Amino acid sequence: MNQEILDKAEQLINYTNGNICNHCLGRKFSDCVDGNGNEERGIKIREALNLEPYAPNESNREKCAVCHDLFEDIDTKVLDLVREKIEFLNVEFDTFVVGCKLPKEIVEKDQEISDEFDCNVEIIKKEVNREIGKMLEANLEQKADFDGEDVLVMVDFRRILNEGQENPIRVRLQINPIFIEGRYRKLIRGIPQTKWPCTKCKGKGCEECNFTGKQYPESVEELLSEVVLKHANGYEAKFHGAGREDIDVRMLGTGRPFVLEIKEPKIRKIDFDKISEEVSQTAKGKTEYLNLKFTERKRKVEIKGSSPDTYKVYRALVKCEDDIKEEDLEKLQSLHIIQQRTPIRVSHRRADKIREKEVKNIEAKFIDSKTFEMIIKTEGGLYIKELISSDEGRSNPSVSEVLGTQAICAELDVIEVGIK
Ligand SMILES: [Zn+2]
Ligand SMILES: [Zn+2]
């Protein structure tokens, strides 16, 4: 330690009337004094200046002018508070990160000293977070890990300067969600993809909905999420599908990709085999969920936003007003680029504009003079019911137009959803 450093350290100690703890002293010299942590740096500096060791617990002693001996509390009080919270919530996790909230006076004093003595070092908050992290790692089974943070341990010191405060330090655990990815198949018509609040009471519960608050008793979301929530002991589930089909449309084939988000799971290590087994019982004959696995948060956005590059394959049962002949179905091959104005049935929630969408392939199978089946592969976002009916001329060209008779979609199934 050169004389310049020692002089500066002496001035700094005098600036605080000798009331500066080893952490706060060492921190201001973390860029020029070697040491394993700021506390050790502070001890070395005091030794080099032949000063008495810092003794925070001595009676009549004033507290550290910067941190009010907050670092002492980390070793003596924070661990018990964190343990209490873990026990109270009964939460299981492997990794955590630490955050803290400090009184304004402490943050400002720390900055004031850095400015006064021209120290270009880390702020006190960073050291507090690190010291809590080290202490918890040494005493808990869990690891501090910024990448795999299951839980955020937030330690609030903002009340430590208030005399007589009952609980000066408070701890909150923020449990991060888990994300589960898979594909679903909807085997019957009449089930919405997500929970649908009763249109009359908006979910509060009324006579109309039998006090369930729901328009439909079950959904693709709930048939899965109720089982997962139970296993994960979670607070709430959110379902993110790669698009959605209408309630009266089945979802067959390889299924539609989705991400299920479970908020505040007290148990993160859930057994997908057990869940699949349970769901296959409760959702039997209604829905199926394939390839369930853990996934990252970013997949939620990727799956929800997948649309420009995607394609969809549908099976439609088409009914015609006038008789058609089998060879008439050849005319369907002329459907290629479709100008489609926003359908009347969704115009209340989507902007009214004309979209151009591509039909990639059509295969039609004649059933009788008024009925045929159509397998159609299209660019994502093309409305199939309207492509068939023409939606009063809003879809152009349409099945009705090329066949020269009013056609309607009697049944629709999605059989493939392509995503990036
Ligand atoms: Zn201090
Ligand atoms: Zn209701």
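Counting in numbering that gives the first Met the number 0, the sequence shown runs from 0 upward without gaps.
Where is the CB? At the ideal position from N, CA and C, for every residue including glycine.
These numbers were taken from a predicted model, which means no experiment stands behind them.
Rounded to whole angstroms, Met134 and Asn232 show a C-alpha spacing of 28 Å. Taken through DSSP and simplified to helix, strand or coil, Ser399 comes out as helix. Listed in chain order, the alpha helix (DSSP H) elements of length 4 or more contained wholly in the segment 3–63 are 21–26, 37–47. Excluding its 5 nearest sequence neighbours in each direction, Lys76 has C-beta neighbours in its own chain below 7 Å: Ile168, listed in chain order.
Rounded to whole angstroms, the separation of the alpha carbons of Glu221 and Gly212 is 14 Å. For Gln173, there is no enclosing alpha helix (DSSP H); the enclosing beta strand (DSSP E) covers residues 169–174.
A distance below 8 Å separates the beta carbons of Gln339 and Glu385.
No heavy atom of ligand 1 is found nearer than 7 Å to the CB of His239. In the DSSP assignment, Ala231 falls outside any beta strand (DSSP E) and lies within the alpha helix (DSSP H) extending over 219–231.
Relative to Ala406, the option among Arg184, Glu391, Glu415 whose CA is nearest is Glu391. Remark: C-beta atoms of Asp109 and Ile123 approach each other more closely than 8 Å.
Bridge pairing for Val358: Thr377 [DSSP]. Contact check between the segment 86–97 and the segment 38–54: fewer than three CB pairs, one atom from each, fall below 8 Å, which does not count as touching. The segment 371–384 makes contact with the segment 310–320; the number of CB pairs closer than 8 Å reaches 3 or more. In the three-state reduction of the DSSP assignment, Glu86 falls in the helix class.
The alpha-carbon of Val219 is positioned some 11 Å away from that of Leu259. For Asp155, the uninterrupted beta strand (DSSP E) run begins and ends at 150–155, by DSSP. Spanning the alpha carbons of Gln280 and Ser388 requires a straight line of approximately 38 Å.
The beta carbon of Leu80 is closer than 7 Å to those of Ile168, Val170 in its chain, skipping five residues each way along the sequence.
Counting C-beta pairs closer than 8 Å gives fewer than three between the segment 291–307 and the segment 351–368, which falls short of the contact rule. Straight-line spacing of the CA atoms in Lys237 and Lys262 works out to 8 Å.
Between Glu107 and the set Ala64, Ile73, Lys142, Gly98, the nearest pair of CA atoms involves Ala64. Counting along the chain, no alpha helix (DSSP H) covers Asp412; the unbroken beta strand (DSSP E) around it starts and ends at 406–416. Per the DSSP secondary-structure output, Ile177 pairs in a beta bridge with Ile261.
Per the coordinates, the alpha-carbon of Gly36 lies some 9 Å from the alpha-carbon of Glu130.
Asn166 is classed as exposed because its beta carbon has fewer than 16 other beta carbons within 10 Å across all chains shown. For Cys205, the distance from the CB to the nearest heavy atom of ligand 2 is below 7 Å. Taking 8 Å as the cut-off, the Cβ atoms of Arg45 and Val32 do not count as close. Within 10 angstroms of the beta-carbon of Ala241 lie 16 or more other beta-carbons, which makes it buried. Remark: the C-beta of Lys194 is outside contact range of ligand 2, defined as less than 7 Å to any heavy atom. The beta carbon of Glu362 is closer than 6 Å to those of Ile374 in its chain, skipping five residues each way along the sequence. Annotation for Val317: no alpha helix (DSSP H) segment contains it, though the beta strand (DSSP E) segment containing it runs 310–319. Sequence-distant partners of Glu325 (beyond 5 residues in either direction) whose C-beta falls short of 6 Å from its own C-beta, in its chain, are Phe365.
Judged by DSSP secondary structure, Glu235 falls within the beta strand (DSSP E) whose first and last residues are 235–240. A direct Cα-Cα distance of roughly 59 Å separates Leu316 from Glu140. Set against 7 Å, the gap from the CB of Ile19 to the closest heavy atom of ligand 1 is smaller.
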